[in-house]
Each structure stands twice: as structure tokens, then as C-alpha cells.
Amino acid sequence: MLGNQTLLLNTSSGIWASSENAIAAECLTPEHSRMPGIARWARGWQQEVVLNANTIETTAEQYNSLIIEKTLVDRAQADPRFLQFFPSSELTAAWTNPGTRPTFTHKAVTHP
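Numbering-wise, full-length UniProt numbering puts 7 at position 7 of the sequence shown, and it's gapless, one number per residue.
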């Protein structure tokens, strides 16, 4: 893949991806995000995913990588609106950053 390196896992709950291409699981399905502006931005700019955008010089490659990740992974069992994507640098809620609480987090990947 292009963009940031992606780790794919096949677990009892299905296929997972982990990469630095996005900062939250909802970035792969931004239409379900409750974070201020995410769904509206994705819809307004006609973007299927929301990038981490830490590789500005290769934005198109990073976008393509995230689309591939979205295509390969399964839906989350806890909430099928979201995909089994675990960001390697996940956004976490903090009182210092109001409005940046993720809509959905996996917390962990388990495999019995």
C-alpha cells in the first residue's frame, strides 16, 4: 500500500486494519461522525474518508491507502456504522480539547 504503512489482522471478529492514515475509526465513515464539522466537511468536499494528512506531499497516495483499508476491513460488531479500523495514533477525548471526543472507539482488538 501507499501512504503510511498498514497492518492487517484476521481475527475471530473479522479483518482489522491499523495505520496512521486516520486518527479515528469514524474517519472511514465520516457520515456517522458526531464531532463538529466532520460529516459536513466530508459531504461538502465530497470526500469518502478523512485523512490524518500528516504526509502532505503524498496526500493522494494516503487517501488511496485509506480507501483500500476501508474496502478490506469488516464492520464493527459493537456498532456496524463503523469499521474495524484501529488508528495507530488514535484521537482521545481531553478536557483541553473540547469538541474532539470521538463518536466511536474500539478500545482494543481481541482474539480468543
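Just so it is clear, CB atoms sit at the ideal spot from N, CA and C, and this is done for glycine as well.
Measuring only the C-alpha atoms, how far is H76 from I67?
Reading the sequence shown from its first residue, position 76 is the one you call residue 76. Reading the sequence shown from its first residue, position 67 is the one you call residue 67. The question names His, but residue 76 in the sequence shown is Ala. Answer to the nearest angstrom: the Cα atoms are 17 angstroms apart.
Rounded separation between M1 and S65 - CA only:
Here residue 1 is taken as the residue at index 1 of the sequence shown, counted from 1. Here residue 65 is taken as the residue at index 65 of the sequence shown, counted from 1. Unreliable positioning characterises M1 in this predicted model, as indicated by a pLDDT of 48, which lies under 50. A coordinate reading is not provided.
Are the CB atoms of T29 and E69 nearer to each other than 7 angstroms?
Taking the first residue of the sequence shown as position 1, residue 29 is located at position 29. Taking the first residue of the sequence shown as position 1, residue 69 is located at position 69. Going by C-beta atoms, T29 is not nearer than 7 angstroms to E69.
If I'm right that A60 touches V50 with Cβ under 8 angstroms, what's the distance once you round it to whole angstroms?
For the purposes of this step, residue 60 is identified with residue 60 of the sequence shown, where counting begins at 1. For the purposes of this step, residue 50 is identified with residue 50 of the sequence shown, where counting begins at 1. Not confirmed; about 15 angstroms, so no contact.
Would you mind listing the alpha helix (DSSP H) stretches within the region 7-81 that are 4+ residues and don't spill past its ends, in chain order?
38-44 and 59-72
L91 classed as buried or exposed, judged by whether at least 16 other C-beta atoms fall within 10 angstroms:
The residue given as residue 91 occupies position 91 in the sequence shown. Per the 10 Å Cβ criterion, buried.
Where do the ends of the beta strand (DSSP E) carrying P87 lie?
Along the sequence shown, read from residue 1 onward, the residue named residue 87 stands at position 87. First-last of the beta strand (DSSP E) with P87: F85 to P87.
How long is the line joining the alpha carbons of I56 and A24, rounded to whole angstroms?
Numbered from its first residue, the sequence shown carries residue 56 at position 56. Numbered from its first residue, the sequence shown carries residue 24 at position 24. Near 18 angstroms, if we compare the C-alpha coordinates of A24 and I56.
Are the Cβ atoms of E26 and F104 separated by less than 7 angstroms?
In the sequence shown, the residue the question calls residue 26 occupies position 26. In the sequence shown, the residue the question calls residue 104 occupies position 104. Yes.
From D74, S12 and N21, residue whose alpha carbon lies closest to that of Y63
As a first step, residue 63 is located in the sequence shown; it is residue number 63 there, counting from the start. Nearest C-alpha to Y63: N21.
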